[in-house]
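Chains as they are written, first to last, in our numbering: chain A, 46 to 331; chain B, 8 to 537. By construction, the Cβ of each residue, glycine as well, lies at the ideal position given by its N, Cα and C atoms. All values reported here derive from a predicted model rather than from experimental measurement. Have a look at the structure below before the remarks.
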Amino acid sequence: MTTSKTRYPLPNPLDEATSHSTRLQETAAKSLVIPQAGEGAPSPQSSPASGRGGERENQLLIPESLRESHVNDGHQPDVALTINGLAVNAHTGMTLVEAAWHAGVPRVTGVGCMEGVCGSCRVMLRRGKNVTVGLACQTFAEDGIEVVFMPPASAPRHHYDIGDFKDAWDIHARFQDIFPEASRCRHCHGCDNACPKGITVENGVALAAAGRYRDAGEAFFECVMCELCDVACPELIAPAHVGLFSRRITAHFHLRPPNLIHRLEELRRERQGATPIESDENDNES
Amino acid sequence: MSNGIPLAEALARYRPDADLGSLPELADTDTLLNTYHPDHLRGSVIKLAVGANAGESCQRELAGLLQAEAFIDEADLAGTPVTDIDVLVIGGGGAGCAAALAAAEKGARVLLATKLRLGDSNTVMAEGGIQAAIEPDDSVQRHIQDTLRGGHHAGDPALVSAMAGDGPEVLRWLIRQGMQFEQTPSGDLHTRRAGGMSTARLVHCRDYTGLEMMRVLREAVIQHRSIEVWEQSPAVELLSNEHGQKCVGAVLTSLLDNQLRIVRTRSVILATGGLGRLHLNGFPTSNHLGATGDGLVLAYRIGARLRELDSFQYHPTGLLHPTHLSGKLVTEGVRAAGALLVNGLGHRFIDELLPRDIVCSAILRECSEGRGIRIDDQRVGVWLDTPRLERAQPGLLEKQFPNLMTRTRVSGIDPRTEPLLVHPTLHYQNGGAVIDTNGATTVPGLYAVGEVAGGIHGRNRIMGNALLEIISFGRRAGIAATANRDRGPKKVTLEHVNRLRRALTLAGMPMTQRAPQILPDYAAGGVWNR
Numbered sequence: 046m047t048t049s050k051t052r053y054p055l056p057n058p059l060d061e062a063t064s065h066s067t068r069l070q071e072t073a074a075k076s077l078v079i080p081q082a083g084e085g086a087p088s089p090q091s092s093p094a095s096g097r098g099g100e101r102e103n104q105l106l107i108p109e110s111l112r113e114s115h116v117n118d119g120h121q122p123d124v125a126l127t128i129n130g131l132a133v134n135a136h137t138g139m140t141l142v143e144a145a146w147h148a149g150v151p152r153v154t155g156v157g158c159m160e161g162v163c164g165s166c167r168v169m170l171r172r173g174k175n176v177t178v179g180l181a182c183q184t185f186a187e188d189g190i191e192v193v194f195m196p197p198a199s200a201p202r203h204h205y206d207i208g209d210f211k212d213a214w215d216i217h218a219r220f221q222d223i224f225p226e227a228s229r230c231r232h233c234h235g236c237d238n239a240c241p242k243g244i245t246v247e248n249g250v251a252l253a254a255a256g257r258y259r260d261a262g263e264a265f266f267e268c269v270m271c272e273l274c275d276v277a278c279p280e281l282i283a284p285a286h287v288g289l290f291s292r293r294i295t296a297h298f299h300l301r302p303p304n305l306i307h308r309l310e311e312l313r314r315e316r317q318g319a320t321p322i323e324s325d326e327n328d329n330e331s
Numbered sequence: 008m009s010n011g012i013p014l015a016e017a018l019a020r021y022r023p024d025a026d027l028g029s030l031p032e033l034a035d036t037d038t039l040l041n042t043y044h045p046d047h048l049r050g051s052v053i054k055l056a057v058g059a060n061a062g063e064s065c066q067r068e069l070a071g072l073l074q075a076e077a078f079i080d081e082a083d084l085a086g087t088p089v090t091d092i093d094v095l096v097i098g099g100g101g102a103g104c105a106a107a108l109a110a111a112e113k114g115a116r117v118l119l120a121t122k123l124r125l126g127d128s129n130t131v132m133a134e135g136g137i138q139a140a141i142e143p144d145d146s147v148q149r150h151i152q153d154t155l156r157g158g159h160h161a162g163d164p165a166l167v168s169a170m171a172g173d174g175p176e177v178l179r180w181l182i183r184q185g186m187q188f189e190q191t192p193s194g195d196l197h198t199r200r201a202g203g204m205s206t207a208r209l210v211h212c213r214d215y216t217g218l219e220m221m222r223v224l225r226e227a228v229i230q231h232r233s234i235e236v237w238e239q240s241p242a243v244e245l246l247s248n249e250h251g252q253k254c255v256g257a258v259l260t261s262l263l264d265n266q267l268r269i270v271r272t273r274s275v276i277l278a279t280g281g282l283g284r285l286h287l288n289g290f291p292t293s294n295h296l297g298a299t300g301d302g303l304v305l306a307y308r309i310g311a312r313l314r315e316l317d318s319f320q321y322h323p324t325g326l327l328h329p330t331h332l333s334g335k336l337v338t339e340g341v342r343a344a345g346a347l348l349v350n351g352l353g354h355r356f357i358d359e360l361l362p363r364d365i366v367c368s369a370i371l372r373e374c375s376e377g378r379g380i381r382i383d384d385q386r387v388g389v390w391l392d393t394p395r396l397e398r399a400q401p402g403l404l405e406k407q408f409p410n411l412m413t414r415t416r417v418s419g420i421d422p423r424t425e426p427l428l429v430h431p432t433l434h435y436q437n438g439g440a441v442i443d444t445n446g447a448t449t450v451p452g453l454y455a456v457g458e459v460a461g462g463i464h465g466r467n468r469i470m471g472n473a474l475l476e477i478i479s480f481g482r483r484a485g486i487a488a489t490a491n492r493d494r495g496p497k498k499v500t501l502e503h504v505n506r507l508r509r510a511l512t513l514a515g516m517p518m519t520q521r522a523p524q525i526l527p528d529y530a531a532g533g534v535w536n537r
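Right, dumping it as structure tokens:
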């Protein structure tokens, strides 16, 4: 393996010379070895494994760099934190997901995209007396922080089938039936504080409760369905689902794009084209 | 081996308003691909020894998994609880949800089992958009031609034309489910032209197209009365009838309690996605945690034919920095909007909107010939010139690419003033299970849809066809799977596993490795252990 002498921390090379990266005293959370085509490099790092059999160690490069044994040439982990009750060490610049893997914390399977869009890696964080929630893949390891990976969300309590909605005039009434709690917001800001995306959740719910579904849906545009606001709401409003309802209703009833509709009509007539009726319609087709 | 231009020097040379010079002539595409594309790395491809594709080429690490030992045998099935259902969907991404919804719409009782959480998938990360021929100057025929050409004519024309023909109807179905798209002031769906397209055909929801699609489908599945969802339930094996010839169910495990469960069914739809997390050839990946190629392993073991097992897509613009996002994508939409690729000398080197494999090869060429930007001994990349784009179209990045802006903001990087360092990243499995236009594999009772299926993208997928494929074929398979109205399986066995074991023994292959992989090794702190 030509690969790694990889270890932590790699100094952030962008720090010195540039305006890059003001915050991150970056270290290599994962150091990748990128095969360079040419220079005889193509296969060596992966070649020992014959492709079958169990030489798993040789298959993956990233995991190796995450293993303790590859980390200790002079650079010790520099952050001490607690994950799911276990005291673990990590390196500055690691996300909490990487820190959990690095330390081998068991039962951390609530991880998905690792770029903050799937909403799976919900964590509760405690710094001293300050308790917050967030996404583990978007939070960096820091000294003394206590982290608990939260269990998956429970099944939703509000039920509807968008196929049942026939008339947009009825929607506001339907909404009140489906989400009766939405108009009982007590403005505690729990949802706003919980949202890892900085969505103005409370305002979004108020807009929906006032029947302004397009605006409400727009407020939830960055929602990743982590449902942390649902957890935070003492009135059980389920804001994330209110937001998604608002977005879905807006598209379902109001998105009627002419270019798409025209093409659908062309295709419909083409399908009928086998029948003699459409003989003069070919002129209209592109 | 580090060659390339040191970062400080490259930065000193970089100016967002510099004259980039003229684009060099691209002499010979084939030579470029053959020399630099990772699929052609020496030693990365071997011949399969057993199974339906014996004698054919396959990427080496994948071959190891396809020809591996199973985790369970008959003894493990005794006393295992059994669930009977009409249709089993394995995989909770876009393809799985579309298949489950289509089957449920046809009146079937559906069980959707997914390894992680419903919606944990590559779908949710898709940023660019979905292709559909809806503009007046466009046609389904052109869409078919672009797709086949982009795939180097290795795709199956019947599958491609089925998918392209579904395009407009897929958009309509998605809107009916409640998915929003970007509109022009006059209310048309906004389209962009991206790599490999002959005209503007990419419909999108800013740069959150996949997220918007996934959260809508996820909600639709959760709300549906006849779909049951099992999360944290990866499949470890399929089940066959007593002759090992037909797929009649699957064995699932649970990441929560490690308990095996048997699901007996008439049809199984594999929608397990790709294999980026195998880190083929040592590349970083854009894929989500669960993308370990399990579906290919299960399908191959039960006898399904696969195709293009030596062809993978490396997305040209994976982030090189910051490290915790390494391998994650900068959407091709940014290039479609006008961002250029610039090497360490401050020169353009390739038409940014050529097909992905060519752009990827060109970046690797720049890096290996010393014109890349070197961060350290191992990391070399090229600039994605976002500041120039911002100068040309102020406000565009903030407005159209909020996802990119949010992600980089966490790391203190501002693409409006600083160019991004990018390098190709393992992105997509071009091939997969051989299917027909109903998504049916060569094994009766087994369907495959989405990234696990092959034949549509040939040897290179063009942008926006993945999101179209998962809905188009997801729905086709969901509908076809409900057509089977027989009385269900009499007997569920592991006959196909025994068959593969015999073949491995005859071929003198070791059976030390077990598959499917379920989770990457570095995430094995989960309960999954072998």
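*Contacting residues, own chain, Cβ-Cβ under 6 Å from B/Glu235 (five flanking each side not counted)*: Leu118
*Any C-beta of chain B sitting closer than 9 Å to the C-beta of A/Asn134?*
no
*Between A/Ser114 and A/Pro122, what straight-line distance do the alpha-carbon atoms span, to the nearest angstrom?*
At A/Ser114 the pLDDT is 30, less than 50, meaning the model places this residue with poor confidence; the figure from the coordinates comes in the next sentence. Computed Cα separation, rounded: 12 Å.
*Tell me which same chain residues have a C-beta within less than 6 Å of the C-beta of B/Leu245, skipping the five on either side of it?*
Cys254, Ala257, Leu305 and Ile309
_Checking 9 Å against the spacing of the C-beta atoms, do B/Thr449 and B/Ala61 come in under that value?_
no
*Does the stretch 142-157 of chain B come close enough to the stretch 177-193 of chain A to have 3 or more Cβ pairs within less than 8 Å?*
no
*asked:* Would B/Leu453 and B/Ala311 qualify as a contact pair, given that the criterion is a beta-carbon distance under 9 Å?
replied: yes
*Chain-ordered residues of the stretch 136-157 of chain A with a beta carbon less than 9 Å from chain B*: Gly138, Met139, Thr140, Val142, Glu143, Ala145, Trp146, His147, Ala148, Gly149, Val150, Pro151, Arg152, Val153, Thr154, Gly155, Val156 and Gly157
_Can you list, in chain order, the residues of its chain with a C-beta nearer than 8 Å to that of B/Glu76? Leave out the 5 residues immediately preceding and following it._
Arg508, Leu511, Met518, Thr519, Gln520, Arg521 and Ala522
_Cutoff 7 Å; reference A/Arg292; Cβ partners in own chain excluding five residues on either side_ = Gly262 and Phe265
_Using a Cβ-Cβ cutoff of less than 6 Å, which residues in the same chain neighbour B/Arg124 once the five nearest sequence positions on both sides are dropped?_
Glu238
_A/Thr127 versus A/Arg171, A/Ser165, A/Thr137 and A/Val162, residue with shortest Cα-Cα distance_ = A/Arg171
_Runs of 4 residues minimum, wholly inside the stretch 139-216 of chain A: which ones carry the alpha helix (DSSP H) assignment?_
141-148
_Quick check: is the beta carbon of A/Thr127 nearer than 9 Å to any beta carbon in chain B?_
no
*DSSP on B/Pro394, reduced to helix/strand/coil?*
helix
*Can you tell me the Cβ-Cβ gap for A/Ser228 and A/Ala254, rounded? I've got them flagged as a contact below 8 Å.*
4 Å
*Could you please tell me which residues of the stretch 179-209 of chain A, in chain order, have their CB closer than 7 Å to any CB of chain B?*
Gln183, Pro197, Pro201, His204, Tyr205, Asp206 and Ile207
_Backbone CA spacing between B/Ala344 and B/Arg395 [nearest angstrom]_ = 11 Å
_Counting only Cβ pairs nearer than 8 Å, list the residues of chain B close to A/Cys268._
Arg222
*Ignore the nearest five residues each way along the sequence and tell me which others in B/Leu371's own chain have a CB closer than 8 Å to its CB.*
Tyr43, His44, Pro45 and Pro431
_I'd like to know whether the C-beta of B/Gly217 is nearer than 9 Å to at least one C-beta of chain A._
yes
*Going by Cα to Cα distance, which pick from A/His203, A/Thr137 and A/His299 is closest to A/Lys211?*
A/His299
_Minimum length 3: unbroken beta strand (DSSP E) runs contained in the stretch 223-296 of chain B_ = 234-237, 242-247, 254-259, 268-271 and 274-277
*Could one say the Cβ of B/Leu178 lies closer than 9 Å to chain A's Cβ atoms, at least one of them?*
yes
*What are the complete beta strand (DSSP E) segments, minimum 3 residues, inside the stretch 32-86 of chain B?*
52-54 and 64-66
*Would B/Phe356 count as contacting chain A if we go by Cβ distances under 9 Å?*
no
*Per DSSP, which residues does A/Ile294 bridge with? Please list them.*
Answer by DSSP bridge pairing: none, since A/Ile294 is not bridged.
_Please report the distance separating the alpha-carbon of B/Val177 from that of B/Leu475._
7 Å
*What are the partner residues of B/Leu209, as DSSP defines its beta bridges?*
B/Gln138 and B/Arg199
*With respect to the beta strand (DSSP E) encompassing A/Val124, which residues constitute its N-terminal and C-terminal limits?*
Val124 to Ile128
_Contact set between the stretch 324-335 of chain B and chain A, restricted to residues whose Cβ is under 8 Å from the partner_ = His328, Pro329, Thr330, His331, Leu332, Ser333, Gly334 and Lys335
*Ends of the beta strand (DSSP E) at B/Gly325?*
Phe319 to Leu326
*Measure from the alpha carbon of B/Ser128 to the alpha carbon of each residue in B/Ala460, B/Asp358 and B/Gly297, then state which is nearest.*
B/Gly297
*Grab the span of the beta strand (DSSP E) containing B/Leu347 for me, first residue to last.*
Leu347 to Val349
*Just to check, is the beta-carbon of B/Gln320 closer than 8 Å to a non-hydrogen atom of the ligand MN?*
The ligand MN is not among the ligands present in this structure, which contains no ligands whatsoever.
*asked:* Restricting to runs no shorter than 4 residues, where is the alpha helix (DSSP H) found entirely within the stretch 102-190 of chain B?
replied: 147-157 and 164-184
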